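In our numbering, the protein residues as written are 292 to 724.
Here's the structure, in structure tokens; my notes come after.
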């Protein structure tokens with residue numbers, strides 16, 4: 292049976308139940324230690340988060356636990372609407388987190404602590420806070436049972452923080468066609484921050500540059516090819532060419548990107564050895580965030596490396612006996628570049644879509660103004676969803692300054708506003724023809 296309609300859907304759904312939200316978030320942050328994602332050392336166990344979400348939603352579902360009255364939720368997080376073809380979705384809330392070292396934090400990252408308006412712990416901003424927020428929205432819909440014309444869908448995903456393991460996250464859902472119905476309405480990706488629409492994100496190419504030289508005693512550097520120096524000089528040359536071929540793009544200003552495309556190393560390693568040894572090889576790892584086509588960038592980077600290897604003796608050296616070519620031995624230093632298979636293209640949201648206008652109106656109504664922005668961070672599969680016909684819009688209610696950082700926190704007041712934005716979005720779409 293449908294409940295009598297109150298004066299408005301907004302009145303029926305009300306505001307965020309802060310006590311219930313904080314209670315659920317405390318349970319999720321308590322699992323953060325077990326959902327850190329950095330294989331092979333840290334493999335997330337997202338089922339530990341799922342069970343808390345189900346504990347909240349199942350009592351209002353069509354398959355309630357014993358003693359519960361049940362409700363309209365069909366748990367795969369769907370509330371069926373009355374009008375076929377009308378749908379809106381909240382997607383992107385992921386149940387894994389980036390690693391946290393408790394020794395680096397001012398408080399325990401794996402238990403929720405409250406300091407005034409701040410809710411502190413790993414995952415509060417990215418992204419367990421959003422998991423709790425969308426769960427509370429679905430619980431409220433299950434409690435109040437509004438007679439909606441639209442179907443409301445929430446998709447909680449696994450394995451967002453790691454691009455080396457594929458086929459177990461949202462990419463699998465798309466591949467299996469489980470999200471196809473969401474094309475019929477706006478899809479709101481809830482995994483950004485600062486309360487305003489994020490209208491553009493960067494692409495990502497994870498690359499690995501390996502330099503191979505000749506191991507020898509460091510007291511006889513003229514008989515070695517130092518891969519550390521070779522790697523640094525080769526990387527410098529590659530970066531110079533990259534920034535020439537991929538300069539700031541005209542569309543970056545339109546979307547308000549803070550930075551252009553960049554290529555930067557983020558990790559390095561070498562096989563070990565004594566301080567008196569010049570090692571045989573070394574490698575850099577880095578993240579490449581192009582606004583341009585990743586396929587074009589990959590092609591160019593390989594061309595740079597091939598040219599460097601063909602002309603390694605022309606590469607800048609470091610000191611009078613530094614060399615990357617030993618003619619007496621016909622031995623040449625060499626660099627190789629490889630790429631992680633999870634190459635992600637950047638995305639520019641459709642600024643003329645219904646989803647974008649609804650999100651902007653809801654944000655203005657709740658926050659008081661709207662200020663869309665773009666970042667060169669990367670969100671997985673957004674471009675693929677857009678290319679397949681989804682009206683993808685992105686927003687979130689964490690604190691950008693704490694993303695992937697130590698001492699992560701979110702603000703309860705921001706999450707309360709996020710709940711109201713969600714309610715406004717549903718209400719607007721219910722009122723549209």
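C-beta atoms are modelled at their ideal positions from N, C-alpha and C, and glycine is treated no differently.
Computed from a predicted model, the values in this text were never measured in an experiment.
Check	Outcome
Does the separation of the CB atoms of residue 495 and residue 669 fall below 8 Å?	yes
Go ahead and pull the three-state DSSP assignment for residue 381.	strand
Under a three-way DSSP split, which group does residue 541 fall into?	helix
Straight-line CA distance for residue 546 to residue 609?	42 Å
Is the CB-CB distance between residue 700 and residue 416 below 8 Å?	yes
Output the distance between the C-alpha atoms of residue 651 and residue 479, rounded to the nearest integer angstrom.	12 Å
If you follow the beta strand (DSSP E) that residue 327 is part of, which residue opens it and which one closes it?	Premise fails: residue 327 is in no beta strand (DSSP E) and is neither H nor E.
At 3 residues or longer, what runs of the beta strand (DSSP E) sit wholly inside the stretch 339-370?	none
Figure out for me which residue from 567, 676, 562 and 654 has the closest Cα to the Cα of residue 574.	562
If you reduce the DSSP assignment to three classes, tell me which class residue 720 lands in.	helix
Which same chain residues, not among the five before or five after residue 292, have their C-beta less than 7 Å away from its C-beta?	Residue placement at residue 292 is flagged as unreliable, the pLDDT there being 28, under the threshold of 50; a coordinate-derived value is accordingly withheld.
Take the Cβ of residue 304 as the centre, count every other Cβ of all protein chains shown within 10 Å, and call the residue buried at 16 or more, exposed below.	buried
Which one or two residues does DSSP pair with residue 448 in a beta bridge?	385
State the CB to CB distance for the pair residue 571 and residue 503, rounded to an integer number of angstroms; the pair is presumed to be in contact (CB under 8 Å).	7 Å
What's the C-alpha gap between residue 718 and residue 554?	43 Å
If residue 487 sits next to residue 661, beta carbons under 8 Å apart, how far is it from one beta carbon to the other, in whole angstroms?	6 Å
Could you check the C-alpha separation between residue 448 and residue 345 for me, to the nearest Å?	14 Å
My understanding is that residue 379 touches residue 720, with C-beta atoms under 8 Å, so please give their C-beta distance in whole angstroms.	6 Å
Suppose contacts are defined by Cβ-Cβ distances below 8 Å. Is residue 686 in contact with residue 426 by that definition?	no
Report the residue from 691, 491 and 509 whose alpha carbon sits nearest the alpha carbon of residue 636.	491
If you scan the stretch 383-440 from start to end, which runs of the alpha helix (DSSP H) of 4 or more residues do you find wholly inside it?	419-435
Where does residue 681 sit, in a helix, a strand or coil, going by DSSP?	coil
Compare the C-alpha of residue 418 against each of 689, 532 and 697 and name the closest.	689
Run through the DSSP bridge pairs and tell me what residue 627 is partnered with.	501
With contact counted as at least three CB pairs below 8 Å, one residue from each stretch, are the stretch 619-638 and the stretch 582-590 in contact?	yes
Per DSSP, what are the beta-bridge partners of residue 736 in this structure?	The structure shown does not extend to residue 736, since the chain is modelled only from 292 to 724, so the question has no answer here.
With distances taken between CB atoms, is the gap from residue 529 to residue 402 smaller than 8 Å?	no
As an exercise, report each continuous alpha helix (DSSP H) stretch of at least 4 residues that is fully enclosed by the stretch 459-493, in chain order.	461-466
Does DSSP put residue 689 in a helix, in a strand, or in coil?	strand
How is residue 608 classed by DSSP in three states: helix, strand or coil?	coil
Exposed or buried, what is residue 342 when buried is set at 16 or more other beta-carbons lying within 10 Å of its beta-carbon?	exposed
Check whether the stretch 652-659 touches the stretch 518-535, taking contact to mean three or more Cβ pairs, one atom from each stretch, closer than 8 Å.	no
For the pair the stretch 613-629 and the stretch 510-522, tell me if three or more CB-CB distances fall below 8 Å.	yes
Decide if the stretch 676-686 is in contact with the stretch 467-476; the criterion is three or more beta carbon pairs, one per stretch, under 8 Å apart.	yes
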